[in-house]
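Chemist: If you scroll down you'll find the structure; I have some questions about it.
There are 2 protein chains.
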Amino acid sequence: MANLTITEVSKKYNIKPDTLRYYERIGLIPKVPRQSNGNRYYNEGLQGWIEMIVCLRHSDVPVEKLVDYAEMLNQGDSTLDAREELLKEQLAELEQRKSNLNRSIKRLKHKISLYDSGEIKKGKSYFEEYKIMDD
Amino acid sequence: MANLTITEVSKKYNIKPDTLRYYERIGLIPKVPRQSNGNRYYNEGLQGWIEMIVCLRHSDVPVEKLVDYAEMLNQGDSTLDAREELLKEQLAELEQRKSNLNRSIKRLKHKISLYDSGEIKKGKSYFEEYKIMDD
DNA sequence: TCTTGACCTTGAGTTAACTCCAAGTAGTAC
DNA sequence: GTACTACTTGGAGTTAACTCAAGGTCAAGA
Chain X
71 MANLTITEVS KKYNIKPDTL RYYERIGLIP KVPRQSNGNR YYNEGLQGWI EMIVCLRHSD
131 VPVEKLVDYA EMLNQGDSTL DAREELLKEQ LAELEQRKSN LNRSIKRLKH KISLYDSGEI
191 KKGKSYFEEY KIMDD
Chain C
71 MANLTITEVS KKYNIKPDTL RYYERIGLIP KVPRQSNGNR YYNEGLQGWI EMIVCLRHSD
131 VPVEKLVDYA EMLNQGDSTL DAREELLKEQ LAELEQRKSN LNRSIKRLKH KISLYDSGEI
191 KKGKSYFEEY KIMDD
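Line by line, the protein sequences give chains X and C.
Numbering follows the working numbering, with no gaps: position 3 of the first sequence is 73.
Numbering follows the working numbering, with no gaps: position 105 of the second sequence is 175.
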């Protein structure tokens with residue numbers, strides 16, 4: 071795992087260079103070290119952090135929360151408790167999201183089964199379809 | 071289950087009246103019937119449809135997709151296959167989302183356990199913390 | 001009669017998270 | 001020296017999904 075340029079990181083994590091620069095600008099990623107020509111290079115630590123960000127962003131953890139976390143990291147040990155608290159809040163949020171998701175998945179599967187079984191047929195209106203859709 | 075006014079529906083599904091009117095404007099909800107004074111009233115069928123929308127929106131199914139579905143409903147039986155297809159696509163999308171979510175949840179839980187066990191201690195930098203965070 | 005409150009309309013404003021643009025530089029290839 | 005490519009910057013533009021504001025109608029109650 072070596073130092074990578076911005077495009078290499080961009081490919082590795084499937085995220086645009088512009089987004090990486092944007093994350094840096096807003097303080098989600100700390101000052102990235104530069105080569106003599108001014109180009110960024112991303113070391114192991116940064117890559118790990120970016121992987122974490124990308125993972126959590128795929129679950130729509132707000133950028134703002136991640137920035138808060140990053141800022142607390144910079145402030146050192148005085149923020150240990152607050153950091154853990156933030157992680158726990160986000161976890162709770164994701165668990166909630168998961169239960170919503172399960173409800174939606176169940177609903178969609180049910181509805182698809184109605185299409186498959188032919189129970190939803192010609193000319194149904196919103197109202198008529200609803201009668202069937204509402205389990 | 072009787073006819074409800076816009077604020078009643080708004081309370082029932084925890085969604086703002088403005089949002090309900092917005093949904094109607096963009097064709098996600100069909101023309102809502104009016105009382106003599108011009109006020110909307112929502113009948114059973116509409117309420118069922120709104121419940122469906124709210125459920126799927128909690129899982130971030132795009133409004134645009136729901137509008138597509140609503141428009142196809144209006145077009146009748148010729149769109150049966152396309153409607154089922156749309157539902158299947160959204161289902162696949164949600165399943166994907168769920169697996170992302172599980173990954174994030176696992177990650178957060180792991181990280182929290184590191185805080186709890188005291189393995190993340192004073193003065194860790196991004197880099198140092200990453201070493202621990204990366205399982 | 002006056003006021004309050006719930007509703008209406010059109011159209012504009014907001015927010016999050018990118019995403020793109022123009023103009024410039026640094027390094028390599030011929 | 002002239003392309004060509006990969007980067008740099010600051011700032012503007014985009015998109016989705018609301019969300020609000022201004023001004024108007026109407027019915028019920030003091």
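Ideal placement from N, C-alpha and C gives every residue a C-beta, glycine not left out.
1) Answer with buried or exposed for ILE190 of chain X, where buried requires no fewer than 16 other C-beta atoms within 10 angstroms of its C-beta.
2) So which residues of chain C does TYR185 of chain X contact, with C-beta pairs closer than 8 Å?
3) Tell me ARG104 of chain X's beta-bridge partners as DSSP assigns them.
4) On the criterion of 16 or more Cβ atoms from any shown chain inside 10 Å, does LYS181 of chain X qualify as buried, or is it exposed?
5) In chain X, what lies closer than 9 Å to HIS128 of chain C by C-beta?
6) With 7 Å as the threshold, decide whether the Cβ of LEU136 of chain C is near any Cβ in chain X.
7) Any C-beta of chain X sitting closer than 7 Å to the C-beta of ILE85 of chain C?
8) In whole angstroms, what is the alpha-carbon distance linking ASN107 of chain C and GLU163 of chain C?
9) Does the beta-carbon distance from LEU178 of chain C to LEU156 of chain X come in below 7 Å?
10) Can you find the residues in the same chain that come closer than 7 Å, C-beta to C-beta, to TYR185 of chain C, ignoring five residues on each side of it along the sequence?
11) Give the straight-line distance between the Cα atoms of ASN144 of chain C and ASP147 of chain X, rounded to the nearest whole angstrom.
12) For LYS101 of chain X, decide whether its Cβ has a neighbour in chain C, counting only Cβ atoms nearer than 7 Å.
13) Using the beta-carbon of each residue, which ones in chain X are nearer than 8 Å to LYS181 of chain C?
14) For a test of your reading of the model: does the CB of TYR111 of chain X fall under 6 Å from any non-hydrogen atom of the ligand ATP? Yes or no.
15) Check this for me: beta carbons of LEU171 of chain C and LYS168 of chain X, under 7 Å apart or not?
16) Could you work out which residues of chain C lie near GLN160 of chain X, taking near to mean beta carbons separated by less than 8 Å?
17) Spatial neighbours of GLY97 of chain X within its chain, please: C-beta separation below 8 Å, excluding the five flanking residues on both sides.
18) How close, in whole Å, do the beta carbons of ILE175 of chain X and GLU165 of chain C come, if the pair is a contact with beta carbons under 8 Å?
19) Please list the partners that VAL131 of chain X has in chain C, where partner means a Cβ-to-Cβ separation under 9 Å.
20) Just mark SER129 of chain X as buried or exposed, buried being the case when its beta carbon has 16 or more other beta carbons within 10 Å.
21) On the criterion of 16 or more Cβ atoms from any shown chain inside 10 Å, does SER187 of chain C qualify as buried, or is it exposed?
22) In or out: ARG110 of chain C buried (at least 16 other Cβ within 10 Å) or exposed?
23) What residues of chain X sit near LEU164 of chain C, judged by a beta carbon separation below 8 Å?
24) ILE76 of chain C and PRO87 of chain C: beta carbons closer than 7 Å?
25) Between which two residues does the alpha helix (DSSP H) containing THR89 of chain X stretch?
26) Check for me: the alpha helix (DSSP H) holding THR77 of chain X runs from which residue to which?
27) For GLY193 of chain X, which residues of its own chain have a beta-carbon under 6 Å away from its beta-carbon, when the five flanking residues on both sides are left out?
28) Is LEU178 of chain C helix, strand or coil when you go by DSSP?
Modeler: Per the coordinate set shown:
1) On the first sequence, position 120 is the one that residue 190 of chain X refers to. Under the 10 Å beta carbon count, ILE190 of chain X is surrounded by 16 or more other beta carbons and is classified as buried.
2) Within the first sequence, numbered from 1, the residue matching residue 185 of chain X stands at position 115. Those are LEU150, ARG153, GLU154, LEU157, listed as they occur along chain C.
3) Indexing the first sequence from 1 puts residue 104 of chain X at position 34. Paired residue(s): X:ARG110.
4) By one-based count along the first sequence, residue 181 of chain X stands at place 111. Label assigned to LYS181 of chain X: buried.
5) Your numbering for residue 128 of chain C matches position 58 in the second sequence. Near HIS128 of chain C (Cβ distances below 9 Å), the residues of chain X are ARG167, ASN170, LEU171, ARG173, SER174.
6) As a working mapping, residue 136 of chain C is identified with position 66 in the second sequence. False, the Cβ-Cβ gap to chain X never drops below 7 Å.
7) In the second sequence, residue 85 of chain C corresponds to position 15, counting from 1. Not an interface residue.
8) By 1-based counting over the second sequence, the position of residue 107 of chain C is 37. By 1-based counting over the second sequence, the position of residue 163 of chain C is 93. Whole-angstrom Cα-Cα distance: 43 Å.
9) In the second sequence, the residue the question calls residue 178 of chain C occupies position 108. In the first sequence, the residue the question calls residue 156 of chain X occupies position 86. Contact check for LEU178 of chain C against LEU156 of chain X fails: the beta carbons are separated by 7 Å or more.
10) Taking the second sequence and counting its residues from 1, the one referred to as residue 185 of chain C is at position 115. Cβ within range, chain order: n/a, list empty.
11) Position 74 of the second sequence holds residue 144 of chain C. Position 77 of the first sequence holds residue 147 of chain X. Within the model, the alpha-carbon separation for ASN144 of chain C versus ASP147 of chain X is close to 60 Å.
12) Stepping through the first sequence from its first residue, residue 101 of chain X is reached at position 31. Taking a beta-carbon distance threshold of 7 Å, LYS101 of chain X does not count as an interface residue toward chain C.
13) In the second sequence, residue 181 of chain C corresponds to position 111, counting from 1. Result: LEU157.
14) Ligands in the displayed structure: none, and consequently the ligand ATP is not present.
15) Within the second sequence, numbered from 1, the residue matching residue 171 of chain C stands at position 101. Within the first sequence, numbered from 1, the residue matching residue 168 of chain X stands at position 98. LEU171 of chain C is a Cβ neighbour of LYS168 of chain X, given a cutoff of 7 Å.
16) Position 90 of the first sequence holds residue 160 of chain X. At a C-beta separation below 8 Å, GLN160 of chain X has these neighbours in chain C: LEU178.
17) Here residue 97 of chain X refers to the residue found at position 27 when the first sequence is read from its first residue. Excluding residues within five positions, the ones whose Cβ falls inside 8 Å are VAL137, ALA140, GLU141.
18) For the purposes of this step, residue 175 of chain X is taken as the residue at position 105 of the first sequence. For the purposes of this step, residue 165 of chain C is taken as the residue at position 95 of the second sequence. Contact between ILE175 of chain X and GLU165 of chain C holds: their C-beta atoms lie close to 7 Å from each other, under 8 Å.
19) Within the first sequence, the letter at position 61 stands for residue 131 of chain X. Neighbours of VAL131 of chain X on chain C, chain order: SER174, LEU178.
20) Residue mapping note: residue 129 of chain X aligns to position 59 of the first sequence, counting from 1. Looking at its Cβ environment, which holds 16 or more other Cβ atoms inside 10 Å, SER129 of chain X is buried.
21) Within the second sequence, the letter at position 117 stands for residue 187 of chain C. Exposed, since its Cβ has fewer than 16 Cβ neighbours within 10 Å.
22) By one-based count along the second sequence, residue 110 of chain C stands at place 40. Residue environment analysis places ARG110 of chain C among the buried positions, since at least 16 neighbouring C-beta atoms fall within 10 angstroms of its C-beta.
23) Position 94 of the second sequence, counted from the first residue, corresponds to residue 164 of chain C. In chain order: LEU171, SER174, ILE175, LEU178.
24) Stepping through the second sequence from its first residue, residue 76 of chain C is reached at position 6. Stepping through the second sequence from its first residue, residue 87 of chain C is reached at position 17. Yes, these two residues count as a Cβ contact at 7 Å.
25) Here residue 89 of chain X corresponds to residue number 19 of the first sequence, with the count starting at 1. Residues 87-95.
26) On the first sequence, position 7 is the one that residue 77 of chain X refers to. Note, THR77 of chain X: alpha helix (DSSP H), 76-82.
27) Residue numbering aside, residue 193 of chain X sits at position 123 when the first sequence is read from its first letter. Annotation note: pLDDT 47 at GLY193 of chain X (below 50); position unreliable, no value reported.
28) Within the second sequence, residue 178 of chain C is the residue found at index 108, counting from 1. Note: LEU178 of chain C maps to helix in three-state DSSP.
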